[in-house]
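First up is the structure itself, then whatever we jot down about it.
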RNA sequence: GGCGCUGUAGCUCAAUUGGUUAGAGUACCGGACUGUCGAUCCGGUGGUUGCGGGUUCGAGUCCCGUCAGCGUCGCCA
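Numbering (the numbering used here), first residue to last: 3 to 603.
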C-alpha cells in the first residue's frame, strides 16, 4: 500500500506485466539525457529507478517543463507504461524492460545544484562532505542498502526474541552517574542546582532490576552513550540489543544467542549457520591469537618459543626469557620472497610505535629448509632445528618474533597477524566466522592505582570453582563472562550476574569499594538484591557493529544515519555548540575564563 | 594526549619534486541533437592551493603553528 494521493506506483516496481497501465510516479531526478526531440529522465525513489521519456507525443506543457529540469529536482509524472522498443531494454535495471511515456509532468520542488550527486557511484566525496550533506549522501544506493539492512537486522532480532517470550522494556535515558567504566555524558539539572544526570553507558543496572522485578526475559534496543575517543567501529552514541534472562546459567544465554545468530544468518544473509557456535576460553585466545576477539577466518597462530629462546646465545632472546618475559612468533607462510628488508622494517616501526615493542626479530626459511636471516647466526644448528620444528617452518616462510612482556607480545603479534592477514589476503572477506570467547578474568590489575579493576563490570559472577579462592588469588579467578566475536570484532558481551549480596560485597571489597561508597553508588541495586533476586544473566549485542559486519562495511558510520566525526561532532547540525547564557544560568553553570563564550542574542 | 595519512575549481583528482599564465574529468551556464541508459558534440564561467606565520629572487610544493576529516595507540566493553 504505497499509494498516496500523489502517486500510485513506485520507481522500483514496474515490469513488463504493467505495460498498458497509466501510472503516476513521484521521485527525484536521478539522471537526464536530452536529445532535443526526445528526452530521457531517470526517476528515483526509495524503491528503485524508472526511465521516463518525454517525446514529441508528450504534451507541450510537459515538454516545456522538461527543458528546465535538473538533477535532484522532485517531480511527479503521469504516463503510460510501455515496453521499450526492440533492443532498447536495459538488463542492468530492474525496471529496464519498460519505460513511462510522459502524459503530464509537474515539478513538486526544484533543488539547488547539489554539492555531489547520489547517482555518481565511482567517485565518493570526502567524508566531511558526506556528513555535512547527509541528506544527499543518504540518497545513495549503498547508504539506503545499509540502513535497510540495519532495519531488517533489528526487526529479525525483535521477532526472534518475541517468539522466545521476551518483552521489550524501555529504561531511562536520564540516569545516575556511575564512575565505573567509561566517561559519562552529563546532563545538568535545572531543578537541582549543581547536580547532574548521566546518559546511560548501557542499561545494565536497570535490566538487572527488571529481573528482580520478575520480568524474566527482557530485551531492549537501547541507545548507549560513552564519552571516549572514537574508532572506525566506535561512536559516542551507539545501539545495543540489550538482553537479560532469569533462572539461567552461561549455557542458556549462549544458546539463546546461538539461536539468534542462526536466525540472523539465515534471514539476512541466507547462510545456514552451524550451532552451537564454537567456544574458546579467554586464556586460550590470548595464547593462540594474543587477543580476546581474534579473527578466526584465518590461522597464523602465535607460537610460543620462550623455552627455546632461553637456550640460545642471542642476547635479546636470552634476556627476555630469563627475565620471565616471552618470545613468541607468527609464521607468515611462503611470503618471505615478498618481504624486502624495507618492508620488514616498516613492520618493525609499526610494532614499536603502536604497541611499544622494543623490536622485531625475524628469520626466513631458505630453499634448503634452513632458517636464515641476521639473527640466525646466534643459534646452534640443533637449536635452529628445534625452532624449525616448533614453527612448522618450510621454505619461503617468514617468521616474525616479538620478545617482550606478555602484554606487549600479545598486542604486537595480534597487530601483525591482523595486518598481514589483510595484506596477504589470507581470508575471503565474504567469509563469516562466529564464535564465543568465554571465561574472562574477573579482574585485571591496575598498576597506577595498585589495585584490581573489574574486567567487565562489578556485577559479574565468578565461576563456581573460583568462588573459594576469590579473595586470595583474585588474578586467577575467571568469570561467567562471554563475548560474541564475529570476524575479529567484538559483536557483543555479557555475563551471569552476582545475585547474592554477600558475593557482591566481596567483589566490591576486592575492587576497593568500601561499603559506604558502594552504598552511595549502587545502594538501590544492593537493596534490590536483598528482595528476592533470581539468578540471572544476559548480554548486549552491538547493533551498529552487527550491521556493519553483516553489511560487509569497514566502518560503523556507514550504517548509522547521522553519525559523528572522530571528534564527536555532527557536521550537519553543528553539534555540539555554544549555548545562550540564559540557558547556562538556569542550569547553574558558569564557564571558565577563556573557554568558549555563550552565543549572544 | 601521541603517531600517521589527507586538505588545490561546486565535486573527484593532477601539477615533471622550489620556477614564471595552477590543469583534467565531472558538475554548472549557453548552443546542437528523436533511443539514450556514465548519452554525444561545440563553446563558456569557475581558484585567497584549509587558515596564519616563516625560509627564498621565487612556495600548491620546504619549515613552524593552527583548523578540519580519516586511520591508529592510549582510552573505551
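Glycine residues also receive a C-beta, built at the ideal position from the N, C-alpha and C atoms.
{"Query": "C-beta contact flag for residue 335 and residue 302 at 9 Å", "Result": "yes"}
{"Query": "Option nearest residue 351 by Cα separation, candidates 417, 318 and 323", "Result": "417"}
{"Query": "Counted within 10 angstroms of its Cβ, other Cβ atoms place residue 12 as buried (16 or more) or exposed", "Result": "buried"}
{"Query": "Nearest candidate by alpha-carbon position, reference residue 323, set 310, 333 and 331", "Result": "310"}
{"Query": "Backbone secondary structure at residue 240 - three-state DSSP", "Result": "strand"}
{"Query": "Proximity to residue 60 [Cα-Cα], best of 293, 102 and 145", "Result": "102"}
{"Query": "Within the stretch 554-600, ranges of the alpha helix (DSSP H) (whole runs, at least 4 residues)", "Result": "583-588"}
{"Query": "Same chain, Cβ closer than 8 Å to residue 603, five either side skipped, listed in chain order", "Result": "For residue 603, the predicted structure reports a pLDDT of 33, less than 50, and the residue's modelled location is therefore unreliable. A value from the coordinates is still provided. If we look at residue 603 and ignore the five residues flanking it on each side, its Cβ neighbours are 582."}
{"Query": "Three-state secondary structure assigned by DSSP to residue 302", "Result": "coil"}
{"Query": "Assumed close pair residue 400, residue 454 - CB separation to whole angstroms, cut-off 8 Å", "Result": "40 Å between Cβ atoms; not a contact."}
{"Query": "Proximity below 9 Å, CB of residue 436 to CB of residue 288", "Result": "no"}
{"Query": "9 Å Cβ cutoff met for residue 534 and residue 296", "Result": "no"}
{"Query": "Segment limits, beta strand (DSSP E) that includes residue 82", "Result": "76-85"}
{"Query": "Proximity winner among 186, 148 and 204, relative to residue 174 (alpha-carbon distances)", "Result": "204"}
{"Query": "Among 331, 428, 367 and 358, nearest to residue 415 - alpha-carbon criterion", "Result": "331"}
{"Query": "Rounded Cβ spacing between residue 207 and residue 245 (contact assumed at less than 8 Å)", "Result": "With 8 Å as the limit, residue 207 and residue 245 do not qualify as a contact, their Cβ atoms being about 15 Å apart."}
{"Query": "Range of the contiguous alpha helix (DSSP H) that encloses residue 404", "Result": "It is not in any alpha helix (DSSP H) - residue 404 instead sits in the beta strand (DSSP E) that spans 400-406."}
{"Query": "Residue 194 burial status per 10 Å Cβ neighbour count (16 or more: buried)", "Result": "exposed"}
{"Query": "Beta-carbon spacing of residue 545, residue 155 below 9 Å", "Result": "yes"}
{"Query": "Ranges of the alpha helix (DSSP H) found wholly within the stretch 107-189, counting only runs of at least 4", "Result": "129-134, 136-139 and 143-165"}
{"Query": "Residue 107 and residue 300 closer than 9 Å at C-beta", "Result": "no"}
{"Query": "8 Å Cβ shell around residue 24 - same chain, five flanking residues per side excluded", "Result": "80, 81, 82, 83 and 105"}
{"Query": "Residue range of the unbroken beta strand (DSSP E) whose run includes residue 67", "Result": "That residue, residue 67, is in no beta strand (DSSP E); its alpha helix (DSSP H) goes 62-70."}
{"Query": "Same chain, Cβ closer than 7 Å to residue 510, five either side skipped, listed in chain order", "Result": "460 and 520"}
{"Query": "Sequence ranges, beta strand (DSSP E) only - wholly within the stretch 238-299, length at least 3", "Result": "239-248 and 281-283"}
{"Query": "For residue 506, the three-state DSSP class (helix, strand or coil)", "Result": "helix"}
{"Query": "Supposed contact pair residue 31 and residue 74 - C-beta distance, whole angstroms, cut 8 Å", "Result": "6 Å"}
{"Query": "Other residues of its chain near residue 29: CB distance less than 6 Å, five sequence neighbours each side excluded", "Result": "13, 45, 46 and 47"}
{"Query": "Beta-carbon proximity list for residue 413, same chain, < 6 Å, skipping 5 on both sides", "Result": "357"}
{"Query": "Three or more C-beta pairs below 8 Å linking the stretch 433-453 and the stretch 271-286", "Result": "yes"}
{"Query": "6 Å Cβ shell around residue 468 - same chain, five flanking residues per side excluded", "Result": "479 and 480"}
{"Query": "Host alpha helix (DSSP H) of residue 351 (start-end)", "Result": "343-357"}
{"Query": "Where the alpha helix (DSSP H) containing residue 546 begins and where it ends", "Result": "545-552"}
{"Query": "Span of the beta strand (DSSP E) around residue 16", "Result": "First-last for residue 16: undefined, no H or E at that position."}
{"Query": "Unbroken alpha helix (DSSP H) run spanning residue 517, endpoints", "Result": "517-531"}
{"Query": "Stretch pair the stretch 119-134 + the stretch 220-236: three plus CB contacts closer than 8 Å", "Result": "no"}
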